[in-house]
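Engineer:
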Amino acid sequence: MIRDLIKKEIEKAVNKIYPEQGRGIDIYADGKFGDYSSNIALAIGGNPRENAEKLKEKLSGSKLFSVSVAGLGFLNFTLSEEGMAEGLKNLNAKPKKYKEKVQVEFISANPTGELHIGHGRSAFYGNALANVLTAAGYKVEREYFINDSKESTQIKELGKTALGKGQTYLTDNLKSKISKLKDKIKKSKNEGKAGYLLAKEIQKDNQKFIEKGLRIKFDKWFSEEKELRAKKVFEKTLELLKKKKLAYEKEGALWLKTSQFGDDEDKVILRSDGSVSYFLSDIAYHADKFKRKYNKVIDIWGADHHGHVKRMMIAKEMLKLKGDLEILISQLVTLKKGEELQKLSKRKGNVILLKDLVDDLGLDAVRWFYLQKTLSTHMEFDLDLAKEQSAKNPVYYTQYACARMSSILKKSSVSSRQLSAKKSEIIKIKPVRNLVVKLIQFPEVIEDTAKDYQVHRLTTYAYELANEFSQFYRDVKVIGSENEKELVALVALTRNILAKTLKLLGISAPEKM
RNA sequence: GCCCUCGUAGCUCAAUGGACAGAGCAGUGCUCUUCUAAGGCAUUGAUGUAGGUUCGAUUCCUACCGAGGGCACCA
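Residue 13 is where the first sequence starts when you use the working numbering, and the numbers rise one by one after that.
Dropping the structure here:
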């Protein structure tokens with residue numbers, strides 16, 4: 013990565029001039045003042061401007077860039093042709109491979125109904141994050157947890173509804189499922205069993221929607237009933253906790269001493285009727301996950317579960333589970349009351365289904381709509397607004413650029429070859445240079461995003477790349493140019509990188525629009 | 001009451017403690033005999049309030065105000 017190479021050179025210079033200076037080098041791509049900038053001279057202490065001048069002198073021998081000092085003492089780097097050639101070479105290099113196994117668990121919606129707009133966030137984000145981690149070289153597994161234990165309260169509630177003893181979760185859709193399963197439900201002896209039967213059907217539909225409708229593939233669909241309850245993982249986990257003397261009985265229930273580890277109060281793991289609480293189930297689930305030897309487990313939870321994060325971390329500590337656990341909180345999507353929503357609320361109990369949104373706006377637009385925002389943004393969801401925005405969604409601008417590139421590639425009769433910035437005439441053209449600089453940033457974007465999980469950076473990058481291309485498109489005629497061969501190679505490369513970026517987001521890169 | 005998020009332009013969102021706070025949409029004014037005008041150019045416009053730390057704060061800390069969420073033997 014060109015950024016790393018510059019960083020190394022800066023480090024060398026700093027170590028020589030300021031050997032006592034131990035801190036890390038800050039460098040960032042910033043098109044405003046140079047291709048890359050660093051504020052290291054400000055961080056060293058003393059006179060920043062003088063520091064910068066000294067560093068500049070040391071760095072000015074580099075083949076990769078030229079340096080200038082600006083403002084308070086910022087170092088600005090402008091890539092040379094050799095520097096750009098180096099950057100382009102990196103684009104074709106095989107990505108690093110890490111041994112680390114990472115699991116991303118997301119959506120995990122209860123099998124009691126269809127996915128709504130809140131689930132969309134976790135769905136698209138989790139999928140894109142898993143894609144980015146894969147691209148960064150990690151071994152990634154995607155998992156979906158199905159809360160289908162016959163013992164769980166909600167499955168029992170669902171069972172009651174199935175048996176005609178309740179109304180919970182009842183929708184038209186559910187009614188027809190119940191009538192289809194009528195005979196089987198009759199035979200089931202209790203609410204848990206009836207609920208489980210029904211949950212299986214609901215889950216089947218949800219899985220189909222996720223795979224076909226949302227185009228998200230999971231490596232494992234983890235059934236709480238089959239993998240935990242039936243295999244007695246709950247009991248085993250309980251034994252372990254008891255052995256560690258972390259559980260005690262009170263008022264007929266079994267409690268976990270979480271307060272000893274910093275929680276506000278202890279929590280129930282076994283209810284007085286002997287059933288397993290959600291907390292114990294989750295502890296058992298995470299014990300199972302870490303037994304599968306992931307170096308890192310990433311959970312994406314809704315904000316309504318955030319209070320549970322601390323407890324989960326405590327439980328992990330108690331069981332001394334090996335590996336990192338990161339729990340990301342996806343802020344809730346709240347509904348804005350509008351005319352459109354009033355209508356929907358009558359029909360569907362104030363819930364907008366993700367399926368309806370995708371049907372209305374199209375998968376690509378919906379994906380972009382969600383992925384543009386950080387996970388921590390409080391989204392206020394207004395269907396009218398979403399509809400209005402989808403028509404003007406920057407995703408179309410980005411895709412349009414793809415279509416234009418395809419069109420050029422189709423029309424040109426020269427065969428493209430690999431692009432090199434060295435010995436190249438076209439790199440002297442400003443819009444070409446700008447485009448190349450943006451292309452070079454691609455691996456950096458992947459690296460940064462794999463590190464901080466800010467997936468929305470990719471939408472920004474895709475848009476910026478499309479924007480650079482649009483300016484190039486306006487100013488540089490490819491077909492018929494004396495440099496057509498090189499320009500075609502540049503367009504092909506740009507298309508490749510833009511399509512890759514979109515693919516990571518789960519968005520299509522159309523040939524024409 | 002306690003805890004967690006979040007308050008940025010008219011609207012929806014960006015911004016590793018750094019330079020002049022960026023985009024899109026909306027508004028205003030230009031621009032189509034063009035490799036796709038779903039385009040391009042210009043322009044108006046913002047950090048909730050009050051302090052603190054720092055050479056430098058949208059970012060970190062404190063208080064307040066406002067929005068959402070959580071404080072179960074629900075998940």
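In this text, a Cβ means the ideal position worked out from N, Cα and C, and glycines have one as well.
Which one or two residues does DSSP pair with T90 in a beta bridge?
Structural biologist: Within the first sequence, numbered from 1, the residue matching residue 90 stands at position 78. According to DSSP, T90 bridges with S78.
Engineer: Using 8 Å as the threshold, is the C-beta distance between I18 and F86 below it?
Structural biologist: Walking along the first sequence from the start, residue 18 turns up at place 6. Walking along the first sequence from the start, residue 86 turns up at place 74. Result no, Cβ atoms of I18 and F86 do not sit closer than 8 Å.
Engineer: So is S50 buried or exposed if we call it buried at 16+ other beta carbons inside 10 Å?
Structural biologist: Here residue 50 corresponds to residue number 38 of the first sequence, with the count starting at 1. Answer is buried; the Cβ neighbour count reaches 16.
Engineer: How about V378 and V370: do their beta carbons lie closer than 8 Å?
Structural biologist: Position 366 of the first sequence holds residue 378. Position 358 of the first sequence holds residue 370. Going by C-beta atoms, V378 is nearer than 8 Å to V370.
Engineer: Measure the C-alpha to C-alpha separation of Q219 and N185 and round it to an integer number of angstroms.
Structural biologist: Counting from one through the first sequence, the residue named residue 219 turns up at place 207. Counting from one through the first sequence, the residue named residue 185 turns up at place 173. Approximately 16 Å between the Cα atoms of the pair.
Engineer: Does K360 come out as helix, strand or coil in the three-state DSSP assignment?
Structural biologist: Stepping through the first sequence from its first residue, residue 360 is reached at position 348. Residue confidence is low: K360 scores 47 on pLDDT, short of 50, so the model does not pin down where it sits. No coordinate-derived value is stated.
Engineer: Skipping 5 residues on each side, what residues in its chain have a beta carbon closer than 6 Å to that of K4?
Structural biologist: Any property of residue 4 remains undetermined from this structure, which presents the chain solely from 13 to 525.
Engineer: Excluding sequence positions up to five away, which residues of its chain have a Cβ less than 6 Å from the Cβ of M330?
Structural biologist: Numbered from 1 along the first sequence, position 318 holds the residue referred to as residue 330. If we look at M330 and ignore the five residues flanking it on each side, its Cβ neighbours are L258.
Engineer: Please report the straight-line C-alpha distance between L527 and V309, rounded to a whole angstrom.
Structural biologist: There is no way to answer for residue 527, as the model of the chain reaches only from 13 to 525.
Engineer: Give the straight-line distance between the Cα atoms of V345 and N104, rounded to the nearest whole angstrom.
Structural biologist: For the purposes of this step, residue 345 is identified with residue 333 of the first sequence, where counting begins at 1. For the purposes of this step, residue 104 is identified with residue 92 of the first sequence, where counting begins at 1. Roughly 39 Å between the two C-alpha positions.
Engineer: Going by the DSSP bridge assignment, what does D311 pair with across the sheet?
Structural biologist: Taking the first residue of the first sequence as 1, we reach residue 311 at position 299. According to DSSP, which records beta bridges pairwise, D311 is partnered with E117, I339.
Engineer: Any idea if K162 is buried or exposed, counting beta-carbon neighbours within 10 angstroms, 16 or more meaning buried?
Structural biologist: Locating residue 162 in the first sequence gives position 150, counting from the first residue. Flag for K162 reads buried.
Engineer: Comparing C-alpha positions only, which one of Q179, A206, T180, K201 sits nearest to K192?
Structural biologist: Mapped onto the first sequence, residue 192 falls at position 180. Here the closest residue by C-alpha is A206.
Engineer: If we call anything under 8 Å between Cβ atoms a contact, is L366 one with G132?
Structural biologist: Numbered from 1 along the first sequence, position 354 holds the residue referred to as residue 366. Numbered from 1 along the first sequence, position 120 holds the residue referred to as residue 132. A contact, by the Cβ cut-off of 8 Å.
Engineer: To which residues of the same chain is H468 closer than 8 Å at the C-beta, ignoring the five residues directly before and after it?
Structural biologist: By one-based count along the first sequence, residue 468 stands at place 456. If we look at H468 and ignore the five residues flanking it on each side, its Cβ neighbours are L383, Q384, K385, T386.
Engineer: Given 8 Å as the limit, is there contact between the region 509 to 519 and the region 405 to 420, that is, 3 or more CB pairs closer than that?
Structural biologist: The region 509 to 519 is in contact with the region 405 to 420.
Engineer: According to DSSP, A504 sits in a beta bridge with which residue or residues?
Structural biologist: Numbered from its first residue, the first sequence carries residue 504 at position 492. For A504, which the question treats as bridged, DSSP gives no partner whatsoever.
Engineer: Helix, strand or coil: which one does DSSP assign to I509?
Structural biologist: As a working note, residue 509 is residue 497 in the first sequence. Reduced to three states, the DSSP call for I509 is helix.
Engineer: Please confirm whether V488 and I441 have their CB atoms less than 8 Å apart.
Structural biologist: Within the first sequence, numbered from 1, the residue matching residue 488 stands at position 476. Within the first sequence, numbered from 1, the residue matching residue 441 stands at position 429. The answer is yes: Cβ separation under 8 Å.
Engineer: Residues in its own chain within less than 6 Å of K269 by CB, not counting five upstream and five downstream?
Structural biologist: For the purposes of this step, residue 269 is taken as residue 257 along the first sequence, with counting starting at 1. Around K269: L258, D278.
Engineer: Classify Y260: buried if its beta carbon has 16 or more other beta carbons within 10 angstroms, exposed otherwise.
Structural biologist: In the first sequence, counting from the first residue as 1, residue 260 sits at position 248. Counting Cβ neighbours within 10 Å, Y260 comes out exposed, since fewer than 16 surround it.
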